[in-house]
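Worksheet: one structure, shown below.
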Amino acid sequence: MKTSGVPGLTRREQDVLRLVALGYSNKEIGARANVSVKSIETYKARATEKLQLHTRAQIVHFALTHGWMSVV
288 MKTSGVPGLT RREQDVLRLV ALGYSNKEIG ARANVSVKSI ETYKARATEK LQLHTRAQIV
348 HFALTHGWMS VV
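Read left to right, the sequence shown gives residues 288 to 359 (this note's numbering).
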């Protein structure tokens with residue numbers, strides 16, 4: 288699936304948010320990206336702060352509206 292770019296977010300921040308929206312845990316995302324859970328938490332925190340997202344539901348809504356995932 289093609290991830291459309293979001294101004295102000297790094298590619299890593301976008302990837303982390305997309306995986307959070309898909310239901311992956313921080314531990315699972317860290318294993319996929321080969322980075323620590325703490326790094327994933329940092330990427331997620333920076334991205335959600337930049338986008339003013341406060342809940343997992345808001346992250347999922349953002350992902351849906353930006354074409355990162357679809358409802359079938």
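Note that the Cβ used here is the ideal one computed from N, Cα and C, for glycine as well. Note that this is a predicted model, so its numbers are computed, not measured.
In this structure, the straight-line span from the alpha carbon of Glu328 to that of Asn313 is close to 7 Å. Annotated as distal: His348 and Val293, with beta-carbon spacing of 8 Å or more. For His348, the enclosing alpha helix (DSSP H) begins and ends at 343 to 352. By the Cβ rule, the segment 330 to 343 counts as touching the segment 293 to 310, because three or more pairs are nearer than 8 Å. Distance from the Cα of Leu304 is smallest, within the candidate group Val358, Gln345, Ser357, Val359, for Gln345.
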